[in-house]
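In what follows, a single structure is set out as structure tokens and then discussed.
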Amino acid sequence: MYISVVILAIIGQVLTQECGICPPGPCNPDSRCQVAQDPMNPIKLPHADCGKFYKCSGGNACEMSCPAGLHWSENLSRCEWPHVACCDKNIPCTPCPEQCPTPGPVPTTTTTTTTTTTTTIATPSTTPDDNVCLPCVTQCTDNPRCPLNDDPMNPTLLPHENDCTRFYKCSNGQACLMQCRAGEHFSEKLLRCEWPNYACCDKNIPCEPFPDPTDPCWPNPCPVLDCRPDSGCPTIDDPLNPIHIRNPASCLSFYKCLQGQACLISCPVGQHWSNQLQRCEWPHIACCDPNVVCCALCRADRQQELARVFGVKMYK
Numbered sequence: 007m008y009i010s011v012v013i014l015a016i017i018g019q020v021l022t023q024e025c026g027i028c029p030p031g032p033c034n035p036d037s038r039c040q041v042a043q044d045p046m047n048p049i050k051l052p053h054a055d056c057g058k059f060y061k062c063s064g065g066n067a068c069e070m071s072c073p074a075g076l077h078w079s080e081n082l083s084r085c086e087w088p089h090v091a092c093c094d095k096n097i098p099c100t101p102c103p104e105q106c107p108t109p110g111p112v113p114t115t116t117t118t119t120t121t122t123t124t125t126t127i128a129t130p131s132t133t134p135d136d137n138v139c140l141p142c143v144t145q146c147t148d149n150p151r152c153p154l155n156d157d158p159m160n161p162t163l164l165p166h167e168n169d170c171t172r173f174y175k176c177s178n179g180q181a182c183l184m185q186c187r188a189g190e191h192f193s194e195k196l197l198r199c200e201w202p203n204y205a206c207c208d209k210n211i212p213c214e215p216f217p218d219p220t221d222p223c224w225p226n227p228c229p230v231l232d233c234r235p236d237s238g239c240p241t242i243d244d245p246l247n248p249i250h251i252r253n254p255a256s257c258l259s260f261y262k263c264l265q266g267q268a269c270l271i272s273c274p275v276g277q278h279w280s281n282q283l284q285r286c287e288w289p290h291i292a293c294c295d296p297n298v299v300c301c302a303l304c305r306a307d308r309q310q311e312l313a314r315v316f317g318v319k320m321y322k
């Protein structure tokens, strides 16, 4: 009797462990999937849809979805940016190196006086980083903090142990090492890369409160308003859903409704107004100037970042 109970307990434990790794989506028998396989290193197969792949479980191929905007890379056996995954023949294939470029130190300026020495973060360049390999995945390892069935629209992000410029992005139970853009730090509170003073990761850099999400000029202060009556602006404003109007004469500015008036506001230097994102962004993300090459993937990635922080409602 005792032996039977022990055997049943062991079988129950094995079934529980196996069930814990069952991926979602339809599963169908597939000869490429082994009935007995290492549950910590399952076989993964390409799908006809670049945004999906199959994960083997108990001799079945179960359909999985990559996070939004990513494609399955048969060569790397993971989800990657489309130009790295090289799955869609209509997208130029430019695979990134397995190792991300080593991030350089944040530039600083030092001002010396007769009494004090002050070190501040240098003003970031107005030219965005055009390195298509950033952010890139450098290493994925099993991590108990990563759910096996993560929500692809809201992946779990984890801070790095000792490097503020890096973080981990969970994917199918694994933590994948990611690199922030040059000059940015990962914010554990905001779950995204931000300027170091907003990320509040480095204890040597003063931490500033995150700005109001309704401020379209963030992270820069909006200039003095130049307002005039406009029939398209309501007399009563909704502070949680302000109305912004594109300036047809210039990509460098926009109008914000304020008590029935349209107030002209200039974007920060080097940025353009994005009517889709309803905020000022880098020209290649704003896609306002027809003479500037528009990066649709960059804009989609930025939209997802903003949605995670501020909410989907504001960025339709």
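Following this note's numbering, the numbering of the sequence shown begins with 7 at its first residue and continues without gaps. Here a beta-carbon is modelled for each residue, glycine too, at the ideal position from N, C-alpha and C. Note that the structure is a prediction, hence the values are computed from the model and not measured.
Between D157 and Q180, the C-beta spacing is not below 8 Å. One alpha carbon belongs to H77, the other to C273, and they sit about 34 Å apart. Ranked by how close their Cα comes to the Cα of L264, the residues P296, H278 and P240 have P240 in first place.
A direct Cα-to-Cα measurement between C199 and R305 gives close to 16 Å. By the neighbour-count criterion, in which 16 or more other beta carbons inside 10 Å mark a residue as buried, E214 falls on the exposed side. Across the set L270, C93, C170 and G189, the C-alpha of C93 shows the shortest separation from the C-alpha of K58.
When DSSP states are grouped into helix, strand and coil, A306 belongs to the helix group. Under DSSP, L264 forms a beta bridge with Q267. Listed as beta-bridge partners of S193 by DSSP are R198. F260 is the residue among Q267, G266 and F260 whose C-alpha sits nearest the C-alpha of Q277.
Assigned with DSSP and collapsed to three states, I291 falls in helix. An exposed status is given to Q145, since fewer than 16 other beta-carbon atoms sit within 10 Å of its beta-carbon. Within the model, the alpha-carbon separation for D236 versus L270 is close to 11 Å. Look at N34 here: in three-state DSSP terms it is strand. With a beta-carbon spacing of about 7 Å, P48 and S63 fall inside the 8 Å limit used to define contacts. Around the beta carbon of V90, a 10 Å sphere encloses 16 or more other beta carbons of the protein chains shown; the residue is thus reported as buried. For H89, the uninterrupted alpha helix (DSSP H) run begins and ends at P88 to A91, by DSSP. A Cβ-Cβ contact shorter than 8 Å links R234 with Q267. Across the set N297, L164, W87 and E69, the C-alpha of E69 shows the shortest separation from the C-alpha of P32. Rounded to the nearest angstrom, the gap between the Cα atoms of C182 and C39 is 25 Å.
Just measuring C-alpha positions, the residue of S71, G65 and R172 sitting nearest H53 is S71. DSSP, read as helix, strand or coil, puts A205 in helix. Proximity to G238 across D232, H250, D208 and Y204 peaks at H250, based on C-alpha coordinates. In terms of Cα proximity to P245, the closest of P254, N253, P212 and K262 is K262. In the DSSP assignment, D232 falls within the beta strand (DSSP E) that extends over D232 to P235.
Rounded to whole angstroms, the gap between the alpha carbons of L303 and C294 is 15 Å.
Per DSSP, the beta-bridge partners of P165 are F173. In the structure shown, E214 adopts coil according to DSSP, grouped into three states. When the Cα atoms are used, K195 and A205 turn out to be separated by approximately 8 Å. Rounded to the nearest angstrom, the Cβ distance from C176 to H191 is 19 Å, too far for a contact under 8 Å.
Buried is the label assigned to T171, since at least 16 other Cβ atoms lie within 10 Å of its Cβ.
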